[in-house]
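For this note's numbering, count along the sequence shown from 1 and bump the result up by 13.
Backbone N, C-alpha and C fix where the C-beta goes; we use that ideal spot for every residue, glycine too.
Here is the structure we will look at.
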Amino acid sequence: MLAPSMATTISSTIKQLGFNLPLSNNLNRHRCFTARRRNFTVMAMSASTPLEICVKASTTTPNKLGDCPFCQRVLLTMEEKHVPYDLKLVDLTNKPEWFLSISPEGKVPVVKLEDKWVPDSDVITQALEEKYPEPPLTTPPEKASVGSKIFSTFIGFIKSKDPSDGTEQALLDELTSFNDYLKDNGPFINGEKVSAADLALGPKLYHLEIALGHYKNWSVPDTLPYVKSYMKTIFSLDSFINTRALPEDVIAGWRSKVMG
14 MLAPSMATTI SSTIKQLGFN LPLSNNLNRH RCFTARRRNF TVMAMSASTP LEICVKASTT
74 TPNKLGDCPF CQRVLLTMEE KHVPYDLKLV DLTNKPEWFL SISPEGKVPV VKLEDKWVPD
134 SDVITQALEE KYPEPPLTTP PEKASVGSKI FSTFIGFIKS KDPSDGTEQA LLDELTSFND
194 YLKDNGPFIN GEKVSAADLA LGPKLYHLEI ALGHYKNWSV PDTLPYVKSY MKTIFSLDSF
254 INTRALPEDV IAGWRSKVMG
């Protein structure tokens, strides 16, 4: 459940933008950190003015997207809705003044909506749904939390140094539950079409696949065929290919958590 104080804060933020949005019960304050400015305009099938969005820059390759799954979630939403955007890559290891002036906490993603810089992927994606309703991406409330515990159990497992502490089993339990759900309700969380829940979960599963493969030589087992098929389908979407991080950035991004 969303804490009342947090719900009030997000609701207030959205109302200030002039949107009237239903709040999901599965809001999470997910952001990543960044800084050097580089601009790219991504033109999609729309005649509207591109939205400015600040995202994490790659730490391994110049002029490439970084490894923030929450930035990718917002970019996926824009891509699926054919909203053009002006991408500003920010080097979070050396945050420039221009960025801190619009994001004092130094967090990404941040998007300029109605002349206001708006943080938080939950707030941003809901605002985009209101401003650009077609195609609709809203996930029904009763399905919005499907797969929501996978990421936290993945983090527990990848940080673990004790093979017998139960973190691997906790992740497998969540993946098994998701596999069973997809078997009866798939191929996507909301059935036949991609929805907001898929766009939030997909980038996290991408991190899971790359980071666990690299640091633990671990992969989703073949006994979970619906999860494996889901990941393959999501990762092959044009919108995903256009917005995914380089594998080397994902590996570098998790290194401190694994080694720390």
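What does DSSP give as the partner residues of residue i in its beta bridges?
i           : result
residue 267 : For residue 267, which the question treats as bridged, DSSP gives no partner whatsoever.
residue 6   : Because the chain here runs from 14 to 273, residue 6 falls outside it and cannot be looked at.
residue 130 : 125
residue 84  : Looking at the DSSP assignment, residue 84 forms no beta bridge with any residue, so it has no partner.
residue 70  : 78
Buried or exposed: where does residue i fall if 16 or more other Cβ atoms within 10 Å of its Cβ makes it buried?
i           : result
residue 222 : buried
residue 204 : exposed
residue 266 : buried
residue 257 : buried
residue 254 : exposed
residue 91  : buried
residue 273 : exposed
residue 208 : buried
residue 252 : buried
residue 116 : buried
residue 216 : buried
residue 175 : exposed
residue 53  : Summary for residue 53: the model assigns pLDDT 47, below 50, so the residue's position carries little reliability, and this model does not support an answer.
residue 197 : exposed
residue 71  : buried
residue 138 : buried
Which whole-angstrom value describes the C-beta separation of residue i and residue j, a residue pair presumed to lie in contact below a C-beta threshold of 8 Å?
i           : j           : result
residue 9   : residue 211 : No answer is possible for residue 9: it lies beyond the span of the chain, which begins at 14 and ends at 273.
residue 112 : residue 81  : Residue 112 to residue 81, Cβ: 14 Å. No contact.
residue 213 : residue 86  : 5 Å
residue 259 : residue 106 : Their Cβ separation, rounded to whole angstroms, is 16 Å, which puts residue 259 and residue 106 out of contact at 8 Å.
residue 225 : residue 171 : 6 Å
Cβ of residue i less than 8 Å from any chain B Cβ?
i           : result
residue 140 : Here there is only one protein chain, and chain B is not present.
Does the Cβ of residue i lie closer than 7 Å to at least one heavy atom of the ligand HEM?
i           : result
residue 136 : Because no ligand of any kind appears in the structure shown, any question about the ligand HEM cannot be addressed here.
Stretch pair the region 173 to 193 + the region 124 to 131: three plus CB contacts closer than 8 Å: no
Contact the region 190 to 200 vs the region 149 to 168: 3+ CB pairs below 8 Å: Verdict: yes, contact present.
Given 8 Å, three or more beta-carbon pairs between the region 108 to 121 and the region 130 to 147: yes
Cβ contact (3+ pairs, closer than 8 Å) linking the region 142 to 154 and the region 79 to 98: yes
Residue ranges of each alpha helix (DSSP H) within the region 132 to 160, 4 or longer: 134 to 144
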